[in-house]
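What follows is a short report on a single structure.
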Amino acid sequence: MSTDELESYVNEQFDELHLLVRKEERRTLHLVDLKEAFLTAQAAEKIAEITVHTERLQEEMDSITQQLVALDQGEESGPSPAPSPAPMDVEARPRPDPRRDPPRDYGDGGPGSFMGNAP
Numbered sequence: 187m188s189t190d191e192l193e194s195y196v197n198e199q200f201d202e203l204h205l206l207v208r209k210e211e212r213r214t215l216h217l218v219d220l221k222e223a224f225l226t227a228q229a230a231e232k233i234a235e236i237t238v239h240t241e242r243l244q245e246e247m248d249s250i251t252q253q254l255v256a257l258d259q260g261e262e263s264g265p266s267p268a269p270s271p272a273p274m275d276v277e278a279r280p281r282p283d284p285r286r287d288p289p290r291d292y293g294d295g296g297p298g299s300f301m302g303n304a305p
């Protein structure tokens, strides 16, 4: 192989490698574009969720504000007579649930176990 042929072969290989590198760059840029589009769509979805949540909170705030205004108007019109308390029926009161003893661990004879060591 002569020097000219070798130089031509090396140049062809370099050109081919250059084309492969450019092709890989385009693929990489395409993947970056796809990832960016995906992240943009995710961000838009999160923004929509936040907007819905914000609207719900705003509705709750409006409802609370209306209730507070109604309470203020009720106070301005004067105190209303308090209803007389109903007589208490002691038997009608709910009784607390009886306490249960704490669970005991009668394990497998580990440290601190008294099982099988009775006098």
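Per the working numbering, the very first residue in the sequence shown carries number 187; after that it's consecutive.
Ideal placement from N, C-alpha and C gives every residue a C-beta, glycine not left out.
Roughly how many whole angstroms lie between the Cα atoms of residue i and residue j?
i	j	result
V238	E222	24 Å
K232	E245	20 Å
L257	A229	42 Å
L243	E262	28 Å
F224	S249	38 Å
T251	A234	25 Å
K209	F200	14 Å
L215	V196	28 Å
E193	A227	51 Å
R213	L203	15 Å
Which of the three DSSP states is assigned to residue i in this structure?
i	result
S263	coil
S249	helix
S194	helix
Closer than 8 Å, CB to CB, is residue i near chain B or not?
i	result
G260	Note that chain B does not occur in the displayed structure, where there is just one protein chain.
Here's a check: name, in chain order, each residue in its chain whose Cβ is nearer than 7 Å to the Cβ of residue i, leaving out the five neighbours to either side.
i	result
Q253	none
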